[in-house]
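Protein chains in written order, with our numbering: chain A, 2 to 303; chain B, 2 to 288; chain C, 1383 to 1808. All remarks here apply to the structure that follows.
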Amino acid sequence: MARPVGDPCMDRRLLTTIYAWLLLLPAMVLLVAFTHYPTVATFWASFFSTARGRRPASFLGLDHYRRMITDDPVFLQVVWNNFLYALVTIPLSIGIALVMALWVNERLAGRGFLRMAYFTPTVLPMVAAANIWLFFYTPGFGLLNQIIALFGGPDVNFLGSPETALWSVMAVSVWKEAGFFMIFYLAALQSIPPSLKEAAKLEGASDFHYVRRIVLPLLMPTTLFVLVNAVIGAFRVVDHIVAMTGGGPSNASSLLLFYIYETGFKFWDTSYAAALTVVLLAVLITVSVLQVTVLDKRIHYR
Amino acid sequence: MTSAALAQGSAAARIVDAGTRLDHLLVTAGAWLLAVLWILPLLFALWAAFHPPLYAARFDLTAPLTLDNFTRAMAAAPFARYMLNTLMLVTMTLAGQLVISTLAAFAFARLEFWGRDLLFFLVLVQLMITPDVLLVENYRIVSSLGILDTILAIGLPYMASAFGIFLLRQTFKTVPKELDDAARIEGCTTLGILLRVYVPLARPIYVAFGLVSVSFHWNNFLWPLIVTSSVETRPVTVGLQVFASVDQGIDWSVISAATLFTSAPLLIAFLLFQRQFVQSFMRAGIK
Amino acid sequence: MSRKSLLAATAVVALIAAAPSARAELELTLNFPVAVGGPITAIIDEYAKTYSEQTPGVTILPVYTGSYQDTITRTVTAFKGGNAPDMAVLLAVDTFTLYDEDMIVAISELAQSDEEKAWLASFYPAFLENGSIDGQLWGVPFQRSTPVLYWNKEAFAAAGLDPEVPPATWEEQVELGKQLTLKDSAGNVTQYGVQIPTSGFPYWLFQGLTTQNDVILMNQAGNEVNFDDPRVVEALEYLVDLSTEHGVMAPGIIEWGTTPQDFFQGRTAMMWTTTGNLTNVRNNAPFDFGVAMLPAHVRRGAPTGGGNLFILHSDPEREQASLDFIRWLTTPENQADWSIKTGYVATSPAAWQTPAMQAYANDFPPATVARDQLEFAVAELSTHENQRVTKVLNDALQAAITGTAEPAAALAAAQEEAMRILAPYR
């Protein structure tokens, strides 16, 4: 380090600062370029109309937002779909993940196989999984319909009916996510000392009681972590929508990010897509703020 | 405790024991049922891929086995090229992430400097606003950089990973100061200390982060779908989707073969290194 | 392939470097919507080579850009980045989009000589309709198709019907459909009468029905639609009734992609799909099949589909050279060659008069069905903001088909929404 000339502390701190900023430079440049700047630019773009070759962009103010609420039934539908999607898939995949983790953590026969079976969907690309499920769901000769036919049930057009399309897509998401969340629970379970279980046994507590009274509270921080991941995931993964339904029929299985993709890259209406993105950002920011302010305080973290 | 009470206790314990054995049986059955349910779609795809199209949805144990669907899939689309693109993508992205995150994490973990908290907050923003949400604007940026339809364009927005920086910062913080001081006394520069002390100690975390990153970018789809438009840049996920969405009829056997083929490297790696995979994901999740 | 594109890139670089001195040598790029490595690339390569050899000073460089969606994305982006191709084959329905982005040159303005004007007049009028805006023609028909009816002759015979006679009218389609719909002992349908796919882009086949009901969906200027016309409603009611009332078609949305599969597996005795599927059906149907025009109602009718050749803005010399190449590509002989090799419909009557085409038609009569239907064909639905307006109609159709809305109500809502989207263009 260089010899201090003036105030030694001051100089040293200045040097460290320069050094640290240099270390951070690549990360910050990329973060600004692909996260901070585009966030701001998205807000800005949402106030203008989309420029076309024959008509330049014009300032619209809040028109896009007004249009969303009063004039765009598709927007209202995708928001509702996404809300329902989150409301169903998140608790379901977390619940199944917890059960999976508890099972895999016990001395069950074929534990290795169980863990592999649960976790494998996580390793598959979502697009690949969606293609497999597409076949699974096919009317007539798809496996699911063959099983239904075995029991004499009618043929179900899973992805082609508005009543079932969103639910069918949700099932794929739960299938894909549960194994992933299981891993985090498993990690947490393995950090619980076995003596705790023995102590509970000595006290005469049943397995159910042990899990409910001791394990679940200890898993709370993990649940929070998984929950936040699941919420963010529910709003940013639409690969299966692209591959399976294209949002159809009549937007019955469309989600917010898919609608943004459609608006921006199929309709080429980039400013309306920007306005829609602002809504998505608002959701994500709200979730994060809730996490930091409410949940973190109520659940004792570490 | 009286002996009567003891006897009573042990009888109760026996009942409980029998109960738990039954419980255990039920639990095992439930766990297996769920497991079978969970890999059923995959088995279905395996069936369709290894049998002639005629048997794609007909479950006949005498159906002949064939590799024909794989050769047809390979002939119909340049999957080998797609695979190469994905390999280049994940390698490049991971390399970038490791270097950039290491430098940043070290600064946050061990240096006292002006603006540290603010900058760290700016990093954490990316945990909630990930680049794939900002499709429209990021497309514009990539396009103004003139790198549209390149593999770099797919990876670049992810190279500064808030997750990686956060993870490594937590790990670097646990490195004892004494090691740091000892190395300094031996004449190591700060960068030398980082490379010789911190990086080796954080190896398991690097492996964990690497596996998580590779599987994320191997599977990533929407962003590559938008920024790529040619065979030379498309990763397998996009290639698979382009292949599967044809104007003419769908052949499930070939699509199943292509699907398995594109997921195979990751799937096989997972089956071989299951324990490491699972532990890595666990490690990455523990804050 | 990548070596070839590398070569092409090198050639382009060399050209740019040599541009001031060798002004005579023109390299024209053509974005073509086909996946690299497919059989069609070889055909296009051949055309480009032949033309480049016989035309001193001009070299054609085809670039294979995947699906139509990929191609338009790539072309628009390249245009905005200042390195647009000279020509591109894009969906005819995207003409308005290209026009609104001010990317394309009016072909009819370029084609000023009598010879060129005669060439423009030689195409089937149905194929020119989608390329016209403001009284000008913007695209030359090339990779075009139209929907037709395929029927399973064995299934017809099994149902006691004449295997050589497909339904000619809407009523016959229902009548025959009922006789062709088979059920198992549990009452589940094992074979449907007919399948009109409704996933993805249901508007296209639906336009067959509206045309047959003698109604046009949009105006020539592409800024007004006609979705709530009673005749459109009637067409949609017919489509819905096929499954709900008559039970001759599977309920719900029917996948476009799996429809040929259903046909091969005997799950449906008839299907509506593009002529582009002809080769697929010919190779994979394990039974004797027939191809017919779509059934008629008030009149016969079908939409056209597929891609046009467009010329993008550059300088007059390049634009003229591009036009010359396009004229060569669409001579009757070349059209016939292209049609025979690919199954796309040859786009001018003269092409069908060539010896090669006549021999082909004699050998494989189903190929002529599409041609004969052209007489009754109309422009595919195309407006400003095309993708969005089309989606509005698609959503309405799917809502009615899945029973979430009444046909009339769904179409009225779609009309209102589409007119709102088009308001800035009126």
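Glycine included, every Cβ here is placed at the ideal spot set by N, Cα and C.
Report buried or exposed for residue i, applying the criterion of at least 16 other Cβ atoms within 10 angstroms of its Cβ.
i: Lys1773(C); result: buried
i: Leu157(B); result: buried
i: Asn1812(C); result: Past the boundaries of the shown model lies residue 1812(C); chain C is included only from 1383 to 1808, so the question cannot be answered.
i: Ser47(A); result: buried
i: Phe1671(C); result: buried
i: Gly116(B); result: exposed
i: His218(B); result: buried
i: Arg1405(C); result: Caution applies to Arg1405(C), whose pLDDT of 48 falls short of 50 and renders its modelled position unreliable; the model cannot decide the point.
i: Ser1403(C); result: Because the pLDDT at Ser1403(C) is just 40, under 50, the model does not fix this residue reliably, and the value given afterwards should be weighed accordingly. Ser1403(C) is exposed by the Cβ-count criterion.
i: Asp270(A); result: buried
i: Asn1665(C); result: exposed
i: Ser177(A); result: For clarity, residue 177(A) is Lys in the given sequence; the question names Ser instead. Buried: at least 16 other Cβ atoms inside 10 Å.
i: Phe282(B); result: buried
i: Thr1528(C); result: buried
i: Thr287(A); result: exposed
i: Gln1436(C); result: exposed
Select from the options the residue whose C-alpha is nearest the C-alpha of residue i.
i: Val176(B); options: Arg235(B), Val126(B), Phe164(B), Val200(B); result: Val200(B)
i: Leu217(A); options: His37(A), Ile193(A), Ala235(A), Val173(A); result: Ile193(A)
i: Leu291(A); options: Val128(A), Ser254(A), Phe268(A), Leu228(A); result: Leu228(A)
i: Leu145(A); options: Phe282(B), Pro266(B), Arg59(B), Leu223(B); result: Arg59(B)
i: Thr1(B); options: Leu61(A), Pro163(A), Leu190(A), Ala34(A); result: Because chain B in this structure spans residues 2 to 288, residue 1(B) falls outside the shown range and cannot be described.
i: Phe185(A); options: Ile133(A), Ala201(A), Ser162(A), Ile97(A); result: Ile97(A)
i: Ser1495(C); options: Asp1706(C), Val1475(C), Arg1802(C); result: Asp1706(C)
i: Asn1595(C); options: Glu1606(C), Leu1618(C), Leu1558(C); result: Leu1618(C)
i: Ala1568(C); options: Val239(A), Asn82(A), Leu151(A); result: Leu151(A)
i: Gln78(A); options: Ile148(A), Leu219(A), His241(A), Pro163(A); result: Pro163(A)
i: Val80(A); options: His65(A), Ile19(A), Thr287(A), Asn252(A); result: Asn252(A)
i: Tyr119(A); options: Leu258(A), Asp73(A), Phe182(A), Phe266(A); result: Phe182(A)
i: Val213(B); options: Ser196(A), Pro126(A), Leu203(A); result: Pro126(A)
i: Ile269(B); options: Phe136(A), Gly113(A), Ile149(A), Val124(A); result: Val124(A)
i: Gly1688(C); options: Asp1452(C), Tyr1481(C), Leu1519(C), Phe1524(C); result: Phe1524(C)
i: Leu88(A); options: Val175(A), Arg13(A), Lys202(A), Thr287(A); result: Val175(A)
i: Ala1678(C); options: Pro1548(C), Ala1795(C), Ala1778(C), Thr1479(C); result: Pro1548(C)
i: Val284(A); options: Ser255(A), Ile261(A), Ile233(A); result: Ile233(A)
i: Trp1533(C); options: Asp1482(C), Tyr1450(C), Lys1499(C), Arg1649(C); result: Arg1649(C)
Flag this pair as yes or no: are the beta carbons of residue i and residue j separated by less than 9 Å?
i: Asn1776(C); j: Asn1512(C); result: no
i: Leu1599(C); j: Phe1609(C); result: yes
i: Thr51(A); j: Thr278(A); result: no
i: Thr264(A); j: Val170(A); result: no
i: Lys1675(C); j: Val1576(C); result: A quick correction: the sequence has Met, not Lys, at residue 1675(C). No.
i: Val239(B); j: Ala77(B); result: no
i: Thr223(A); j: Ala179(A); result: no
i: Gly1639(C); j: Ser1625(C); result: no
i: Phe60(A); j: Met69(A); result: no
i: Glu1685(C); j: Gly1590(C); result: It should be noted that the sequence gives Pro, not Glu, for residue 1685(C). Yes, the Cβ-Cβ distance between Pro1685(C) and Gly1590(C) is below 9 Å.
i: Ala105(B); j: Met117(A); result: no
i: Thr112(B); j: Leu24(A); result: The amino acid occupying residue 112(B) in the given sequence is Leu; Thr does not appear at that position. Cβ distance < 9 Å, so Leu112(B) and Leu24(A) count as in contact.
Rounded to the nearest angstrom, how far is the Cβ of residue i from that of residue j, given a contact under 8 Å?
i: Pro1766(C); j: Val1487(C); result: Per the sequence shown, residue 1766(C) should be read as His rather than Pro. In fact, because the Cβ distance is near 19 Å, the residues do not count as touching under 8 Å.
i: Thr1459(C); j: Leu149(B); result: 6 Å
i: Phe1509(C); j: Thr1729(C); result: 5 Å
i: Ser131(A); j: Val173(A); result: One detail in the question is off: residue 131(A) reads as Ala in this sequence, not Ser. Yes, they are in contact, since the Cβ atoms of Ala131(A) and Val173(A) sit about 6 Å apart, within 8 Å.
i: Val1894(C); j: Ser1764(C); result: Absent from the structure is residue 1894(C), since the part of chain C shown begins at 1383 and ends at 1808.
i: Ser1559(C); j: Val1630(C); result: For the sequence presented, residue 1559(C) should be read as Gly rather than Ser. Yes, they are in contact, since the Cβ atoms of Gly1559(C) and Val1630(C) sit about 3 Å apart, within 8 Å.
i: Phe1588(C); j: Arg1681(C); result: Actually they are not in contact, since the Cβ atoms of Phe1588(C) and Arg1681(C) sit about 16 Å apart, beyond 8 Å.
i: Ala82(A); j: Ser255(A); result: Before going on, a small fix: residue 82(A) reads as Asn here, not Ala. Indeed they touch by this definition, with Cβ atoms about 6 Å apart.
> Got a sec: which bits of the segment 1482 to 1508 of chain C sit with their beta carbon under 8 Å from any beta carbon on chain A, in order along the chain?
Replying inline: Within the segment 1482 to 1508 of chain C, the residues whose Cβ lies closer than 8 Å to some Cβ of chain A are Asp1482, Glu1483, Asp1484, Met1485, listed in chain order.
>> Beta carbons nearer than 8 Å to chain A: which residues of the segment 168 to 191 of chain B have them?
In response: Taking 8 Å as the Cβ-Cβ cut-off, the segment 168 to 191 of chain B approaches chain A at Thr191, given in chain order.
> Along the segment 1598 to 1615 of chain C, what residues have a CB closer than 8 Å to any CB found in chain A?
Replying inline: Within the segment 1598 to 1615 of chain C, contact with chain A at the beta-carbon level (separation under 8 Å) is assigned to no residue.
>> Which residues of the segment 128 to 150 of chain A have a Cβ closer than 8 Å to any Cβ of chain C? Give them in chain order.
In response: If you check each beta-carbon in the segment 128 to 150 of chain A against every beta-carbon of chain C, the ones closer than 8 Å belong to Thr139, Pro140, Gly141, Phe142, Ala150.
> Of the residues that make up the segment 33 to 48 of chain B, which ones have a beta carbon closer than 8 Å to any beta carbon in chain A?
Replying inline: Of all residues in the segment 33 to 48 of chain B, only Trp33, Leu35, Ala36, Val37, Trp39, Ile40, Leu41, Pro42, Leu43, Phe45, Ala46 place a beta-carbon less than 8 Å from a beta-carbon of chain A.
> Got a sec: which bits of the segment 218 to 233 of chain B sit with their beta carbon under 8 Å from any beta carbon on chain C, in order along the chain?
Replying inline: Under the 8 Å Cβ criterion, the segment 218 to 233 of chain B contributes Ser230, Ser231, Val232, Glu233.
> Listed in chain order, which residues of the segment 154 to 177 of chain A have Cβ atoms closer than 8 Å to some Cβ of chain B?
Replying inline: For the segment 154 to 177 of chain A, which is checked against every Cβ of chain B, the residues closer than 8 Å are Trp176.
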